[in-house]
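Residue numbers (the numbering used here): 15 to 451. Where a beta carbon is used, it is the ideal one built from N, C-alpha and C, also for glycine.
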Amino acid sequence: MEKPSKIAPAKGKLGVLLPGLGAVSTTFMAGVELVRRGKAQPVGSLTQMGTIRLGKRTDARSPLIKKFVPLAELKDIAFAGWDIFKDNAYQSAANAGVLNPQDLEKVKPFLSTIKPMKAAFDRDFVKLIDGPNIKKGKNKYELALQIKEDIANFRKTSRASRLVTCWCGSTESFVKPEDVHSTPEKLVEAMKSNHPAIAPSMLYAWASVTSGVPFANGAPNLTVDIPAIQKLAHDHGVPICGKDFKTGQTLMKTILAPGFKARMLGLDGWFSTNILGNRDGEVLEDPGSFKTKEESKLSVLEYILQPQLYPQLYGKMHHKVRINYYPPRGDNKEGWDNIDIFGWLGYPMQIKVDFLCRDSILAAPIVLDLVLFMDLAQRAGMRGIQEWLSFYFKSPMTAPGLYPEHDLFIQSMKLKNTLRWMMGEDLITHLGQEYYD
Ligand SMILES: NC(=O)c1ccc[n+]([C@@H]2O[C@H](COP(=O)([O-])OP(=O)(O)OC[C@H]3O[C@@H](n4cnc5c(N)ncnc54)[C@H](O)[C@@H]3O)[C@@H](O)[C@H]2O)c1
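See the structure below:
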């Protein structure tokens with residue numbers, strides 16, 4: 015891809031469309047409103063708090079990322095969403111129980127105005143929940159056209175100059191890529207004939223991309239990770255990215271595993287279990303949805319540790335992931351990891367990680383960064399898969415035949431180098447020989 019010659023300025027409003035008004039999206043919206051009112055800090059957000067080094071270490075140039083690249087400002091963001099439940103964003107946030115009542119009270123009037131549009135929903139894909147706020151149509155294609163209308167209406171009513179969609183809906187049942195996903199024409203035919211391999215999230219993706227709206231996928235569903243949508247993204251000049259926000263346990267894995275590999279420490283096994291009690295946990299009780307999540311969580315270690323290159327160190331590792339729905343915990347998940355490593359002469363050691371995390375608190379800043387970076391990418395003329403945003407995902411999308419980078423530090427370097435490249439700055443290789451000439 016050629017370096018963007020010119021990046022259009024972030025003029026006017028940015029409309030954010032969220033399929034799924036649950037724990038993550040309401041925590042994100044409430045947070046943005048609290049931050050813009052000066053009542054909280056955007057902790058965890060690279061676009062808001064991160065800096066980027068430019069030039070040599072001796073140059074002392076490390077601007078804030080938001081000052082370096084032309085990002086939309088928080089004050090210019092407007093929100094809309096879809097959900098199968100009729101609760102407005104305040105009621106949904108109160109129900110999710112992530113933010114405390116004092117924080118929610120401060121943004122109650124704002125959140126109460128965000129009412130979900132009717133969802134395109136199919137219980138074959140999310141078995142354990144059902145709701146009353148659902149679109150009706152002859153076939154899946156009609157539902158997708160209704161979503162396109164919603165998008166056009168929001169563009170008008172919000173007076174947004176640009177839009178971005180971020181899927182924050184439930185995890186759908188596992189679907190393998192099939193022939194119906196291979197071209198835009200076959201996809202439309204399959205929507206018209208109600209083909210069982212067309213998930214609701216694909217309808218939102220099709221509607222967004224064909225409306226010229228970038229689409230980020232926060233769940234492990236296939237959604238935009240199919241050739242038909244990728245071709246449409248190219249044709250419509252639309253950036254897409256996914257899949258599955260990298261938050262609690264997988265974030266830890268992609269921080270620790272690169273360290274073991276860098277020091278050539280071996281790994282016999284990694285056992286991960288989670289207890290969580292939010293709606294996401296409830297949906298993941300269904301084996302179909304769990305399989306989608308499991309595939310996403312399991313791939314990480316294989317790619318980071320490369321057992322084919324290091325058979326003595328990683329050839330026999332056992333990797334298990336469990337998710338248990340346990341209502342008393344709500345959104346405050348607990349992730350346990352037992353890691354069996356070995357060192358010099360094969361002597362075994364163990365590491366235990368007990369992460370008492372807050373799922374949506376970790377996910378909300380990711381939604382913010384993705385929305386802002388996807389808007390930037392579109393203004394810079396970048397289209398199709400945005401691999402530089404792998405940093406935010408458990409299963410990063412890549413060009414066909416390319417293996418994904420899971421190592422958080424490689425991902426971070428890739429992201430920052432992409433920003434430097436976009437702005438015509440030198441890339442940073444960390445070679446540093448010039449300091450010793
Ligand atoms: N740290 C995290 O929280 C995290 C990390 C990685 C991925 N995710 C994924 O993000 C998604 C959202 O997580 P959450 O905790 O907010 O879940 P949630 O259950 O609180 O919210 C999801 C919402 O989506 C709605 N929904 C389901 N199908 C829909 C459809 N077809 N159209 C519109 N709305 C629909 C549900 O009614 C629900 O309100 C999940 O897929 C989850 O797996 C979350």
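With fewer than 16 other beta carbons inside 10 angstroms of its own, Glu16 counts as exposed. In this structure, Leu217 lies near Lys154, with their beta-carbon atoms less than 8 Å apart.
In the structure shown, Val178 falls within a strand segment according to DSSP collapsed to helix, strand and coil.
For Val140, the CB falls within less than 7 Å of some heavy atom of ligand 1.
The residue from Thr197, Gly295, Phe387 with its alpha-carbon nearest to that of Ala37 is Gly295. Residue pairing by DSSP places Asn352 opposite Phe285, Lys366 in a beta bridge. Excluding sequence positions up to five before and after Thr61, its CB lies within less than 8 Å of the CB of Ile79, Lys80, Leu85, Leu382, Asp383, Leu386, Phe387, all in the same chain and listed in chain order. Under the three-pair Cβ rule at 8 Å, the stretch 259 to 277 counts as touching the stretch 336 to 350.
Here Phe82 has Ile66 as same chain residues with Cβ atoms under 6 Å from its own Cβ, once five neighbours each way along the sequence are excluded. Cβ neighbours of Leu327 within its own chain (closer than 6 Å, five residues either side excluded): Gly280. By the C-beta criterion, the stretch 24 to 43 is judged to be in contact with the stretch 372 to 381, since at least 3 inter-stretch pairs fall below 8 Å. The closest CA to that of Asn109, considering only Val140, Pro228, Asn292, Met363, is found on Asn292.
A direct Cα-Cα distance of roughly 38 Å separates Asn288 from Gln160. With contacts defined as CB atoms closer than 8 Å, Val189 and Ala204 fail to qualify as a contacting pair.
The criterion of a C-beta distance shorter than 8 Å is satisfied by Ile399 and Cys255. When secondary structure is reduced to three states using DSSP, Thr72 falls in the helix class.
Under the DSSP assignment, Arg50 falls outside any beta strand (DSSP E), being part of the alpha helix (DSSP H) whose first and last residues are 37 to 50. For Arg336, the beta-bridge partners assigned by DSSP are Thr287. In this chain, Leu32 is not harboured by any alpha helix (DSSP H); it is covered by the beta strand (DSSP E) spanning 27 to 33. Nearest in C-alpha terms to Val178, of all of Gly226, Met331, Asn167, Ala276, is Gly226. Looking at the DSSP output, Pro253 sits in a beta bridge with Gly398. The DSSP assignment places 241 to 250 as complete runs of the alpha helix (DSSP H) inside the stretch 217 to 264, in order along the chain (cut-off: 4 residues).
Taking 7 Å as the cut-off, the C-beta of Leu35 counts as close to a heavy atom of ligand 1. Cβ contact annotation for Leu319 (same chain, cutoff 8 Å, sequence separation greater than five): Ala271, Phe274, Lys275, Leu281, Leu327, Tyr328, Met331, in chain order. Residue nearest to Ala134 within the set Ile128, Gly302, Glu186 is Glu186 (criterion: CA-CA distance). The beta carbon of Asn292 sits closer than 7 Å to at least one heavy atom of ligand 1. In this structure, Ala24 keeps its C-beta atom at 8 Å or more from the C-beta atom of Ala107. Closer than 7 Å to some heavy atom of ligand 1: that does not describe the Cβ of Ile269. Beyond the five residues adjoining it in sequence on each side, Glu299 comes within less than 8 Å, by CB distance, of Leu142, Tyr339 in the same chain, given in chain order.
Counting the other Cβ atoms within 10 Å of the Cβ of His444 gives fewer than 16, which makes it exposed. Trp435: member of the alpha helix (DSSP H) spanning 422 to 436, first to last residue. Per the coordinates, the alpha-carbon of Ala22 lies some 17 Å from the alpha-carbon of Thr432. The three-state secondary structure of Phe93, taken from DSSP, is strand. Segment contact: the stretch 424 to 441 against the stretch 405 to 415, three or more CB-CB distances shorter than 8 Å; contact assigned. Straight across, the Cα-Cα distance linking Leu31 with Phe168 is about 9 Å. At a threshold of 7 Å, Val46 does not count as near ligand 1, since its beta carbon sits no closer than that to any of the ligand's heavy atoms.
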